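Structure, as C-alpha cells:
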Amino acid sequence: MTNSKKIQTLFHLSQLIAKQQYVPKYAQGKVLVEAFFEPSTRTALSFECAMKKLGGEVITFHQQGSSKIKGESDMDTIMTLSHYGDALILRHPDHDLYEQVVNNIHIPVINGGNGANLHPTQALLDLYTLYKRFGDDFQYKKILFVGDIKQSRTIHSFVHLLELYPKTQIYFHPYLNCEPEYTYINHISRIHNQDETKMIVYGNDIDYGNYDVVYLTRYQKERHVDSASTTMVMSSYRFTYENANDMHENAIIMHPFPRNQELDTMVDSTPQAYYFQQSKYGVELRMAILETLFKESQQKHTVNTISFPKTKQIMETTMFYCNAINIGTFIHNRNAIHVCFMLFIYMCTHLFLHYT
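Now the structure itself:
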C-alpha cells in the first residue's frame, strides 16, 4: 500500500471514529507512556484523551521530581519507561535521539517532536484539517507558510508530507533571519514544479487573497541564542484582523499553537480562522493513529508467536531442564535417565502449546 493510500485509510478511520461508527478493538487495555522532555499541551493532552477514549491508559513522565536530578541520562530514563507500557510517545530537543530510541526499545515509538526536525503527527493533523475543510481538492491549494521556516518542525513535517501531493503550491514568508536553506527550496520547487525564485515572499505588503491557506507559526525563541534578535523579530510581525479580511471567503488560517504575538486574537472572530477546529480534530486523528498502531503491533506479535521455535531454542530449553536437575551427577542412573526423558517430553509439549 502506498503512503498516500495509508493516509487515506487513516483519515477514513478518523472520520468513522468522529461519527461514532467504529468500535475500538486494539487499544483497549493497553498502556501509552508519554515521555516529554520539552513542554507540550495539545500533543500530550490530545494523545491522553485519545488513548482513554479507546479504552486504554496513559502514564506520563515528568522531568521535575524524576531521577534526572540525580544525574540519570535521558536514554536510561526512556529505556526504563519502555518497560511500563505497550507504546511510547517521545518528545525531545535532541533530534537524533528519536532514532536511537527506536533502534533500542521493544515497543512502538511515536515521534512527538524531535528538536527542530520533525513533528509527524502534527503534520498528519494539518493534512487532515485540509482534507476536512476542502475534501479531495486540498491537493490543488496554494499554501503560504509564515514564520520561523528554519526552526519550525511543524512546517518541516507538513511540507515533507505534502511531497505526496505535488499539485499543491507552496510559498514561504519567513521572519527575519529565519529563511530556509537554498537546497530546501530547490528540492521543494522540483517536486511541486514551481519557480523557486518566487517561492519566498518578502515584504510587509503581502496579498493574502492569493492563497487558500495561510499557515502561521510562532518564532522559535528557545532555539535562537540572540535575545536582542528575538525581541526584534517578535515585535516585527503580526497577522491582523485586516489581513484576514483580505483573504477570500473560502480560505482558512491555520496555526499549530502555541501562539505569541504573531496572530492577533481579533482574528479569532473571522470566518477564515480555522486553528481551533484544527486543534479539535487532533483527538479523532490520534485515536485513529493509536488504533492503527496497536492493530499492526498485535498482528506483528501474532506472526512472531505462531512460528515454531528454532532448533537452537529447543536445545537451550533442553539444557535448562537438564541443568535444573544437575544431570551430570547421575547420568548413568537408569531412573535419572527416565526422569530426564519425561522432562524432555514435558518440555516439548510445553513448547508446542505455547507456540501454536
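Residues in the sequence shown are numbered from 87 upward in steps of one, following my numbering. All C-beta atoms in this analysis are idealised placements derived from N, C-alpha and C, irrespective of residue type, glycine included. As the structure is a computational prediction, the values presented were derived from the model and not from experiment.
Residues of its chain near residue i, where Cβ-Cβ distance is below 6 angstroms and the 5 sequence neighbours each way are ignored
{"i": "residue 257", "result": "230, 285, 287"}
{"i": "residue 380", "result": "112, 113, 116"}
{"i": "residue 181", "result": "200, 201, 203"}
{"i": "residue 215", "result": "364, 367"}
{"i": "residue 356", "result": "330"}
{"i": "residue 213", "result": "247"}
Three-state secondary structure assigned by DSSP to residue i
{"i": "residue 348", "result": "coil"}
{"i": "residue 235", "result": "coil"}
{"i": "residue 214", "result": "helix"}
{"i": "residue 165", "result": "helix"}
{"i": "residue 198", "result": "strand"}
{"i": "residue 131", "result": "helix"}
{"i": "residue 380", "result": "helix"}
{"i": "residue 177", "result": "strand"}
{"i": "residue 299", "result": "strand"}
{"i": "residue 373", "result": "helix"}
{"i": "residue 138", "result": "helix"}
{"i": "residue 228", "result": "strand"}
{"i": "residue 191", "result": "coil"}
{"i": "residue 292", "result": "coil"}
{"i": "residue 203", "result": "coil"}
For residue i, the first and last residue of its enclosing beta strand (DSSP E)
{"i": "residue 274", "result": "Element bounds for residue 274: not the beta strand (DSSP E) but the alpha helix (DSSP H), 268–278."}
{"i": "residue 360", "result": "Taken as a continuous stretch (DSSP letters only), residue 360 belongs to no beta strand (DSSP E), as it is neither H nor E."}
{"i": "residue 255", "result": "255–260"}
{"i": "residue 122", "result": "117–122"}
Contacts around residue i, its chain only, beta-carbon distance under 7 angstroms, and the 5 residues preceding and following it disregarded
{"i": "residue 338", "result": "219, 299, 358, 360"}
{"i": "residue 136", "result": "369, 372, 373, 376"}
{"i": "residue 345", "result": "304"}
{"i": "residue 328", "result": "none"}
{"i": "residue 277", "result": "249, 252"}
Residue i - containing alpha helix (DSSP H), residue span
{"i": "residue 146", "result": "No alpha helix (DSSP H) contains residue 146, which is instead part of the beta strand (DSSP E) from 143–147."}
{"i": "residue 188", "result": "183–188"}
{"i": "residue 325", "result": "Run containing residue 325: none; DSSP gives neither H nor E here."}
{"i": "residue 66", "result": "Any question about residue 66 goes unanswered here, given that the chain covers just 87 to 442."}
{"i": "residue 97", "result": "89–104"}
Contacts around residue i, its chain only, beta-carbon distance under 8 angstroms, and the 5 residues preceding and following it disregarded
{"i": "residue 279", "result": "252"}
{"i": "residue 99", "result": "108, 374, 377, 378"}
Within-8 angstroms CB hit, residue i to chain B
{"i": "residue 371", "result": "The structure shown has no chain B; it contains just one protein chain."}
Distance CB(residue i)-CB(residue j) smaller than 8 angstroms
{"i": "residue 234", "j": "residue 270", "result": "no"}
{"i": "residue 295", "j": "residue 332", "result": "yes"}
{"i": "residue 133", "j": "residue 175", "result": "yes"}
{"i": "residue 302", "j": "residue 348", "result": "yes"}
{"i": "residue 167", "j": "residue 232", "result": "no"}
{"i": "residue 228", "j": "residue 255", "result": "yes"}
{"i": "residue 110", "j": "residue 131", "result": "no"}
{"i": "residue 292", "j": "residue 259", "result": "yes"}
{"i": "residue 217", "j": "residue 325", "result": "no"}
Proximity test, residue i beta-carbon vs the ligand NAP heavy atom, cut-off 7 angstroms
{"i": "residue 210", "result": "With respect to small molecules bound, the structure shown includes none, and the ligand NAP cannot be examined in it."}
Counting beta carbon pairs with one atom in the region 202–218 and one in the region 146–157, are three or more of them shorter than 8 angstroms? no
Would the region 117–131 and the region 192–201 be scored as touching if the rule is three or more Cβ pairs under 8 angstroms? yes
contact_flag[the region 319–332, the region 182–195] where n(CB pairs < 8 angstroms) is 3 or more: no
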